[in-house]
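Before any comments, here is the structure.
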Amino acid sequence: MRPSPKTDVLVAVDTALRSTGFVRRGHVWLQDRGDGVSGWLGFGVAGSLDLTPLAGVCFRRYDEVCRALGVGIPGTPVVSAPLGHLMGDKPVWRWTFEPGGDHAAVASSLVSAFVKHGVPYIDKYAKWDALAEELVAKPESLLDFERARKLAIVHVLNGNTGAAGDVLKRECERVADSADVYARSHRAFAHRFSLVFAAKDDGRIRRTLF
């Protein structure tokens with residue numbers, strides 16, 4: 014049975030990525046950066062032959078806290094951005110693979126753009142201290158629906174459960190009069206957080222998690 018056009022495209026991309034150290038894991042590509050850090054490359058797919066690349070960074074330590082809290086999907090990047098957003102002038106947001114066309118050439122173009130613009134983004138944020146510092150300093154860089162949760166986990170990983178609790182408390186107060194899906198989800202998350210992490214004056218994380 015002949016592979017689907019989408020499979021042909023992804024095989025071409027996978028082949029072009031081999032020299033970069035990014036290895037396919039299911040529907041994404043990961044590059045081991047050591048110490049539980051991975052560069053991440055994923056794609057938005059329109060139809061079967063249009064790919065929109067996204068670059069990101071995953072941290073095992075972040076996944077461990079998410080697992081303890083019963084949220085998130087392992088291997089999801091803590092931060093990510095569309096490649097087009099990282100390209101500056103005359104960005105290319107989508108690479109189109111024409112049926113019967115030269116998939117290798119398009120894949121090579123995509124990977125070249127990723128190495129030039131996406132890998133430096135990964136390099137910048139693959140250092141936990143740099144990422145955490147920027148997220149705390151610029152919380153507006155996070156999407157509204159993920160901001161409080163991600164900041165709380167960042168604070169926990171930095172050993173400050175008090176700051177994490179403050180973030181969650183402020184968000185609970187902000188959505189106190191709301192009964193929408195996000196408000197209910199946030200209150201449930203804040204409750205789980207209070208159960209998982211003992212509020213200690215010295216800000217230490219419960220050792221049993223790690």
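Using my numbering, the letters of the sequence shown map in sequence onto residues 14 to 223. Each residue gets a CB set at the ideal place from its N, CA and C atoms; glycine is no exception. Here the structure is a predicted model, which is why all the values come from computation and not from measurement.
Where does residue i fall in DSSP's three states?
i: Trp42; result: strand
i: Phe72; result: strand
i: Asp214; result: Only weak support exists for where Asp214 lies, its pLDDT of 39 falling under 50; the coordinates are left without a value.
i: Gly47; result: strand
i: Thr65; result: strand
i: Phe223; result: A caution first: Phe223 carries a pLDDT of 35, below 50, which makes its placement in the model too unreliable to give a value.
Return the first residue and the last residue of the alpha helix (DSSP H) that residue i is part of.
i: Val26; result: 18 to 30
i: Ala126; result: 116 to 126
i: Glu111; result: No alpha helix (DSSP H) holds Glu111; DSSP gives it neither H nor E.
i: Pro133; result: 132 to 138
i: Glu146; result: 141 to 150
i: Leu164; result: 157 to 170
With 7 Å as the threshold, decide whether the Cβ of residue i is near any Cβ in chain C.
i: Trp108; result: Given the protein chain composition of this structure (a single chain), no chain C is represented.
Beta-carbon within less than 7 Å of residue i's beta-carbon, same chain only, minus the 5 sequence neighbours each way: which residues are those?
i: Val167; result: Ala145, Leu148, Val149
i: Arg46; result: Gly52, Ala139
Starting from residue i, follow the beta strand (DSSP E) in both directions and report where the run begins and ends.
i: Gly175; result: First-last for Gly175: 174 to 187, but that is the alpha helix (DSSP H), not the beta strand (DSSP E).
i: Leu54; result: 50 to 59
i: Ala192; result: Note, Ala192: premise wrong, no beta strand (DSSP E); not H, not E.
i: Val92; result: 92 to 95
For residue i, which residues in the same chain have their Cβ closer than 8 Å to its Cβ, ignoring the five residues on either side in sequence?
i: Val58; result: Lys19, Leu64, Thr65
i: Ala212; result: Unreliable positioning characterises Ala212 in this predicted model, as indicated by a pLDDT of 46, which lies under 50. The coordinate reading is nonetheless provided below. Answer for Ala212: Thr174, Gly175, Gly178, listed in chain order.
i: Thr28; result: Ala117, Ala120
i: Cys185; result: His199, Arg200, Ala203
i: Asp214; result: With a pLDDT of 39 at Asp214, under the threshold of 50, the predicted position of this residue should be treated as unreliable, though the coordinate-derived value follows. Around Asp214: Gly175.
Excluding the 5 residues preceding and the 5 following residue i in the sequence, name in chain order all residues of the same chain whose CB lies nearer than 6 Å to its CB.
i: Cys79; result: Gly85
i: Tyr138; result: Val70, Val92, Leu144
Could you say which of the options lies nearest to residue i if we only look at CA atoms?
i: Ser207; options: Arg197, Thr174, Glu186; result: Thr174
i: Gly52; options: Val92, Ala25, Ala192, Leu181; result: Val92
i: Pro87; options: Arg162, His98, Arg74, Leu123; result: Arg74
i: Thr89; options: Met100, Trp108, Ala161, Glu77; result: Glu77
i: Val169; options: Trp108, Ser154, Lys129, Ala81; result: Ala81
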